[in-house]
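Trainee: A single structure is presented below for examination.
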Amino acid sequence: MNTNSTPVPGLPGQVAPDSRRWLALVVLLTGTLLPPLDFFIVNVALPVIRTDLRASSDVAQLVVSVYAAAYAVTLILGGRLGDLYGRKRVFVAGMLGFGLASALCGMATSPSVLVAGRLLQGISAAIMAPQSLASIHAMFPASEKGRALSLYGATFGLAAVGGQLLGGLLVAANPFGLGWHSIFLINLPIIAFAVPAALALLRESRAERSARLDVPGAFLLATGLLALVVPLIEGREHGWPWWCIALLTLSVPLLFNFWRYEKRQEQAGRTPLVLPSLLATRGLQRRLLATFFFYALAAFFLVFAIYEQAGLGHDALAAGLAILPLGVGLLLGPLSGPRIARWTGPRTASCGMALEVVGLVMAAALAFADAPRWLPVPLLLIGLGQGIALPALVRLSVDHVDARWAGLAAGLVSATLQISAAVSVALIGGLFFALAPDGSSAGEVRSGFAIASLAMAGALAVAAGLSWKRDR
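The working numbering applies: residue 524 is where the sequence shown begins, and numbers increase by one.
Spelled out as structure tokens, the structure:
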């Protein structure tokens with residue numbers, strides 16, 4: 524049931540869009556901004572956190588990885604909860620949980636408390652985030668959906684750039700003597716504003732028919748995804764120990780058994796966590812596969828930072844500033860996407876990815892030639908392409924799904940992005956470190972960055988090809 528619209532007088536069967544939808548979008552984008560912002564902001568502050576809490580490198584890494592793993596594993600469940608119990612209700616609950624978890628992180632005095640807070644943050648973020656995309660799908664008419672999704676895509680660029688800069692600024696400024704604690708506590712005034720605004724502006728929407736949550740399916744999926752995601756996040760850092768290989772191997776039968784269980788549930792007339800029949804919806808499988816290859820760019824942020832410092836000899840501040848052209852592109856790309864879509868139509872995502880491929884190949888060529896002064900040009904192209912492609916790819920994946928399953932589709936897209944990020948960092952990051960291990964010369968680091976960039980360009984070319992193909 525979708526209550527975001529009201530009947531049009533004199534036009535039976537037609538509905539008018541919610542007059543407050545653009546104000547409501549601001550609230551929804553706040554929920555979109557916080558999860559990636561808290562990922563990037565912690566990366567910058569991690570050295571200070573480790574020193575202050577006297578944490579080992581393994582524990583410090585957990586501050587990042589436990590959040591990423593919990594977020595990836597819970598996203599599909601989060602989207603499904605919104606479909607079943609109401610997207611507004613679940614959005615507010617997720618935001619309140621995120622606020623409580625942020626307060627726990629901000630008041631942490633030991634590594635174990637901080638890791639526990641980050642775990643709760645990741646779960647709450649995954650409950651909150653899919654509701655934004657599903658609500659946009661339910662709230663906006665087709666004529667406005669492109670503009671709304673463009674702003675949704677621009678939010679990711681703002682989070683990536685803003686997280687890096689805000690984290691450094693807060694740690695350096697040390698407001699009220701809070702130090703690194705402020706990077707978590709800053710979420711509290713944002714949430715204090717956003718929750719009442721959500722209650723006032725958002726209207727409830729959910730699946731037309733109520734159903735019970737598929738608890739066994741949720742458990743099977745969480746177990747299988749944990750077995751897949753945790754070793755991908757932790758494996759490279761620990762040198763791929765036996766337990767990582769064992770978990771990766773175990774993830775295959777676990778996910779296969781989950782799929783078989785879901786098919787049996789649907790055949791029996793029940794409502795499973797993930798509907799197998801949904802993946803047959805007008806090429807959704809192909810689009811999710813395109814989404815998987817598309818987010819290979821997640822590894823770029825890791826290898827670029829090392830390239831700037833170990834390959835070019837820049838300090839951490841200069842390395843952070845160097846990626847700003849990519850951030851500018853990430854902001855401008857989504858805003859120009861609707862105009863570009865008038866010319867490219869359903870192939871907008873492929874065109875954006877083509878820009879990324881060109882930018883990555885240029886970056887590789889400049890690294891091989893040791894000509895870094897021209898790097899802002901390919902970085903801007905990469906950001907523009909990413910900003911154009913992401914909203915278009917999301918719309919291709921969600922628009923053709925029945926509105927009652929919008930939350931599930933949003934969760935599938937978001938989970939695919941997160942799993943792709945983990946896989947790409949593991950594989951492409953692993954390739955980079957194999958070519959440029961610790962102690963390598965600047966030339967080896969530059970070559971490693973160039974080859975890693977070409978690998979990402981290859982993955983994006985595959986994604987562009989998958990997105991280019993029209994539905995039959």
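Every residue gets a Cβ at the ideal spot worked out from N, C-alpha and C, and that includes glycine.
Smallest Cα separation from residue 710: which of 943, 564, 928 and 940?
Mentor: Locating residue 710 in the sequence shown gives position 187, counting from the first residue. Answer by Cα proximity: 564.
Trainee: Starting from the C-beta of residue 720, find all residues in its chain whose C-beta is less than 6 Å away, skip the five residues before and the five after it, and write them out in chain order.
Mentor: Residue numbering aside, residue 720 sits at position 197 when the sequence shown is read from its first letter. So the qualifying residues of the chain are 550.
Trainee: If residue 887 and residue 973 are in contact, beta carbons under 8 Å, what's the gap, nearest whole angstrom?
Mentor: As a first step, residue 887 is located in the sequence shown; it is residue number 364 there, counting from the start. As a first step, residue 973 is located in the sequence shown; it is residue number 450 there, counting from the start. About 4 Å separates the two Cβ atoms, so the contact holds.
Trainee: Entirely within the segment 578 to 658 and at least 4 residues each: give me those alpha helix (DSSP H) ranges in chain order.
Mentor: Listed in chain order, the complete alpha helix (DSSP H) runs (minimum 4 residues) inside the segment 578 to 658 are 580 to 608 and 610 to 629.
Trainee: So for residue 668, helix, strand or coil by DSSP?
Mentor: Mapped onto the sequence shown, residue 668 falls at position 145. Of the three classes helix, strand and coil, the one that applies to residue 668 here is helix, per DSSP.
Trainee: Restricting to Cα atoms, I'd like to know which of 782, 761 and 724 is closest to residue 740.
Mentor: Within the sequence shown, residue 740 is the residue found at index 217, counting from 1. Ranking 782, 761 and 724 by Cα distance to residue 740 puts 782 first.
Trainee: Quick check on the burial criterion: 16 or more other C-beta atoms within 10 angstroms. Buried or exposed for residue 764?
Mentor: Here residue 764 corresponds to residue number 241 of the sequence shown, with the count starting at 1. Result: exposed.
Trainee: Do residue 560 and residue 685 have their C-beta atoms within less than 8 Å of each other?
Mentor: For the purposes of this step, residue 560 is taken as the residue at position 37 of the sequence shown. For the purposes of this step, residue 685 is taken as the residue at position 162 of the sequence shown. Yes, Cβ-Cβ distance for residue 560 and residue 685 is below 8 Å.
Trainee: Can you tell me whether residue 712 is buried or exposed? The criterion is at least 16 other CB atoms within 10 Å of its CB, across all chains shown.
Mentor: Along the sequence shown, read from residue 1 onward, the residue named residue 712 stands at position 189. With fewer than 16 other Cβ atoms within 10 Å, it is exposed.
Trainee: Buried or exposed: where does residue 897 fall if 16 or more other Cβ atoms within 10 Å of its Cβ makes it buried?
Mentor: Position 374 of the sequence shown holds residue 897. Counting Cβ neighbours within 10 Å, residue 897 comes out exposed, since fewer than 16 surround it.
Trainee: Could you tell me whether the Cβ atoms of residue 663 and residue 671 are closer together than 8 Å?
Mentor: Walking along the sequence shown from the start, residue 663 turns up at place 140. Walking along the sequence shown from the start, residue 671 turns up at place 148. In contact: residue 663 and residue 671 (Cβ atoms closer than 8 Å).
Trainee: Can you have a look at residue 534 and say buried or exposed, based on whether 16 or more other CB atoms are within 10 angstroms of its CB?
Mentor: Position 11 of the sequence shown holds residue 534. Per-residue confidence for residue 534 stands at a pLDDT of 38, beneath the threshold of 50, marking its modelled position as unreliable; the derived number appears in the next sentence. Looking at its Cβ environment, which holds fewer than 16 other Cβ atoms inside 10 Å, residue 534 is exposed.
Trainee: Should residue 606 be labelled buried (16 or more other beta-carbon atoms within 10 Å of its own) or exposed?
Mentor: What you label residue 606 is simply residue 83 of the sequence shown in a count that begins at 1. Burial call: buried.
Trainee: Residue 939 to residue 813, Cα distance in whole Å?
Mentor: Numbered from its first residue, the sequence shown carries residue 939 at position 416. Numbered from its first residue, the sequence shown carries residue 813 at position 290. Computed Cα separation, rounded: 10 Å.
Trainee: Going by CA-CA distance only, name the one from 568, 969, 917 and 651 that's closest to residue 555.
Mentor: Residue 555 sits at position 32 when you count from the first residue of the sequence shown. The shortest Cα separation from residue 555 among 568, 969, 917 and 651 belongs to 651.
Trainee: Using 8 Å as the threshold, is the C-beta distance between residue 613 and residue 654 below it?
Mentor: Stepping through the sequence shown from its first residue, residue 613 is reached at position 90. Stepping through the sequence shown from its first residue, residue 654 is reached at position 131. Contact: yes.
Trainee: Nearest CA to the CA of residue 777: which residue from 794, 742, 793 and 810?
Mentor: What you label residue 777 is simply residue 254 of the sequence shown in a count that begins at 1. Here the closest residue by C-alpha is 742.
Trainee: Between the Cα of residue 586 and those of 608, 951 and 562, spot the shortest distance and give me the residue it belongs to.
Mentor: Position 63 of the sequence shown holds residue 586. The shortest Cα separation from residue 586 among 608, 951 and 562 belongs to 562.
Trainee: Return helix, strand or coil for residue 964, following the three-state DSSP convention.
Mentor: Along the sequence shown, read from residue 1 onward, the residue named residue 964 stands at position 441. Three-state result, residue 964: coil.
Trainee: What are the boundary residues of the alpha helix (DSSP H) that residue 887 is part of?
Mentor: Counting from one through the sequence shown, the residue named residue 887 turns up at place 364. 871 to 892 is the span of the alpha helix (DSSP H), which, as asked, contains residue 887.
Trainee: Out of curiosity, what's the CA-to-CA distance linking residue 987 and residue 944?
Mentor: Taking the sequence shown and counting its residues from 1, one reaches residue 987 at position 464. Taking the sequence shown and counting its residues from 1, one reaches residue 944 at position 421. Between the alpha carbons of residue 987 and residue 944 lies a gap of roughly 17 Å.
Trainee: Output the residue ranges of the beta strand (DSSP E) runs that lie fully inside the segment 714 to 769 and measure 3 residues or longer, sorted by chain position.
Mentor: none
Trainee: Can the beta-carbon of residue 706 be found closer than 8 Å to that of residue 568?
Mentor: If you number the sequence shown from 1, residue 706 lands on position 183. If you number the sequence shown from 1, residue 568 lands on position 45. Yes, the pair counts as a contact, with Cβ atoms nearer than the cut-off.
Trainee: How about residue 729 and residue 608: do their beta carbons lie closer than 8 Å?
Mentor: Within the sequence shown, residue 729 is the residue found at index 206, counting from 1. Within the sequence shown, residue 608 is the residue found at index 85, counting from 1. Annotated as proximal: residue 729 and residue 608, with beta-carbon spacing under 8 Å.
Trainee: With a CB to CB cut of under 6 Å and the five nearest residues on each side skipped, what residues in its chain are close to residue 913?
Mentor: Here residue 913 is taken as the residue at index 390 of the sequence shown, counted from 1. So the qualifying residues of the chain are 676.
Trainee: With burial defined as no fewer than 16 other Cβ atoms inside 10 Å of the residue's Cβ, what is the status of residue 704: buried or exposed?
Mentor: Locating residue 704 in the sequence shown gives position 181, where the first residue counts as 1. A residue is called buried when at least 16 other Cβ atoms come within 10 angstroms of its Cβ; residue 704 meets this threshold and is buried.
Trainee: Alpha carbon to alpha carbon, how far is residue 872 from residue 851?
Mentor: In the sequence shown, counting from the first residue as 1, residue 872 sits at position 349. In the sequence shown, counting from the first residue as 1, residue 851 sits at position 328. For residue 872 and residue 851, the distance between alpha carbons rounds to 19 Å.
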